[in-house]
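Chemist: Let me begin by handing over the structure; questions about it come next.
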Amino acid sequence: MKAVLVGFMGSGKTTIGRLLAENLKTSHIDLDQVIVEHVGKSINDIFEEEGEQSFRQLEHRLLQQQLTQDGILSTGGGTPIMPANQYLLRQTNTPVILLEASAQTVVQRVLRDHSRPLVNKLSITQLKGLKQKRDALYRECADLVIKTDQLTPQEIIARILPKI
Ligand code: S3P
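When we follow this note's numbering, the leftmost residue of the sequence shown carries the number 261, and every step to the right adds one.
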């Protein structure tokens, strides 16, 4: 991979990943999408029918596989939380870029769509708590942290390009 994007749900990993790939004329891979295609079910259905544990195992396997491919990889918001993935992300030579948005911004964004099992299950306070707990773990595996709240997608891309 040329770069891996990490960050909480709603932090812009997919949007920025697509733009970045377009800019570099390379492919964009969304880890959630890879999982959905592999299983043939939506993320909601995987969580509901097979459980989060099984989703996490698959996420780990497919992350490991994707890291050897070319392109830009957007991970899921929970990917860096698993110790085995934290290890993979720390030891890879690929730059890991953290997109960090405020709790208010991410909550506003994710409440608009119901495709995320954790959003459907948790209250706003719980979501903000989860973000706070995870923020340190995101930072631990990141080579570059971008605070995105005041930036346009183009400005975010312009900060990432010189680093990859
Ligand atoms: C998750 C984030 C989601 C998806 C799954 C679990 C999480 O990815 O992997 O719903 O644990 O934060 P996005 O960050 O792309 O929404």
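Backbone N, C-alpha and C fix where the C-beta goes; we use that ideal spot for every residue, glycine too.
Given a cut-off of 8 Å on the beta-carbon distance, is the pair F413 and T275 in contact?
Modeler: Looking up residue 413 in the sequence shown gives position 153. Looking up residue 275 in the sequence shown gives position 15. Looking at the sequence itself, residue 413 is Pro, so the reference to Phe does not match. In this structure, T275 lies closer than 8 Å to P413 by Cβ.
Chemist: Tell me whether the region 388-404 and the region 338-346 touch, counting them as touching only if at least three CB pairs, one residue from each stretch, are closer than 8 Å.
Modeler: yes
Chemist: Taking 7 Å as the cut-off, is the CB of M269 close to at least one heavy atom of the ligand S3P?
Modeler: On the sequence shown, residue 269 is found 9 positions in, with the first residue counted as 1. Yes.
Chemist: How many Å lie between D409 and E400 at the Cα?
Modeler: Along the sequence shown, read from residue 1 onward, the residue named residue 409 stands at position 149. Along the sequence shown, read from residue 1 onward, the residue named residue 400 stands at position 140. Answer to the nearest angstrom: the Cα atoms are 20 Å apart.
Chemist: Does at least one heavy atom of the ligand S3P sit under 7 Å from the Cβ of G311?
Modeler: Position 51 of the sequence shown, counted from the start, is the residue given in the question as residue 311. No, the ligand S3P has no heavy atom inside 7 Å of this Cβ.
Chemist: What residue from R278, N283, Q326 and G277 has the CA that sits closest to I295's CA?
Modeler: Locating residue 295 in the sequence shown gives position 35, counting from the first residue. Nearest option by C-alpha distance: Q326.
Chemist: List the whole-angstrom C-beta distance separating I332 from A281, where the pair is believed to meet the contact cut-off of C-beta under 8 Å.
Modeler: Indexing the sequence shown from 1 puts residue 332 at position 72. Indexing the sequence shown from 1 puts residue 281 at position 21. Confirmed, Cβ separation roughly 4 Å.
Chemist: Would the beta-carbon of K273 be found less than 7 Å away from any heavy atom of the ligand S3P?
Modeler: On the sequence shown, position 13 is the one that residue 273 refers to. Annotation for K273 indicates a beta carbon within 7 Å of some heavy atom of the ligand S3P.
Chemist: Using DSSP's beta-bridge definition, name the partner residues of E360.
Modeler: Residue numbering aside, residue 360 sits at position 100 when the sequence shown is read from its first letter. Answer is K407.
Chemist: Just checking my contact of I417 with L279 at CB under 8 Å: how many whole Å lie between their CB atoms?
Modeler: By one-based count along the sequence shown, residue 417 stands at place 157. By one-based count along the sequence shown, residue 279 stands at place 19. Yes, they are in contact, since the Cβ atoms of I417 and L279 sit about 5 Å apart, within 8 Å.
Chemist: Taking one C-beta from the region 365-374 and one from the region 311-325 each time, how about it: are there three or more such pairs within less than 8 Å?
Modeler: These segments do not touch.
Chemist: Would you please state the rounded distance, in angstroms, between the beta carbons of S271 and A361? I believe it to be under 8 Å.
Modeler: Against the sequence shown, residue 271 aligns to sequence position 11. Against the sequence shown, residue 361 aligns to sequence position 101. At roughly 5 Å, the Cβ-Cβ gap stays under 8 Å, so S271 and A361 are in contact.
Chemist: Just list the beta strand (DSSP E) runs in the region 292-374, keeping only unbroken ones of 3 residues or longer that don't cross its boundaries, in chain order.
Modeler: 332-334 and 356-360
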